[in-house]
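In this note's numbering, the protein residues as written are 57 to 125. All residues carry an ideal CB built from backbone N, CA and C; glycine is no exception. Note that the coordinates shown come from a computational prediction; the quantities given were computed from them, not determined experimentally. Below: the structure, in structure tokens.
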């Protein structure tokens, strides 16, 4: 499995969105959380790539809106 860091933001090709990696499930999968929630989902490491700076900025802006309400 490629090096994936817990707590980092990755773009999930299957779901078409940025997700936060929470933990390793097995040798080829990780647990991610749905955007701005603690709902955990399984994802194959091969379906993830590091989020770009623009994607991270957008994620943070959405997070501020969600958590300021």
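Strictly by DSSP, which residues pair up with residue i?
i	result
residue 80	86
residue 75	66
If you follow the alpha helix (DSSP H) that residue i is part of, which residue opens it and which one closes it?
i	result
residue 109	109-124
Looking at the secondary structure, which residues open and close the beta strand (DSSP E) in which residue i lies?
i	result
residue 98	96-100
Whole angstroms is fine: what's the gap from residue i's alpha carbon to residue j's?
i	j	result
residue 85	residue 59	12 Å
residue 123	residue 94	13 Å
residue 116	residue 75	12 Å
Do residue j and residue i have their beta-carbon atoms positioned less than 7 Å apart in this structure?
i	j	result
residue 70	residue 103	yes
residue 66	residue 101	no
residue 78	residue 87	yes
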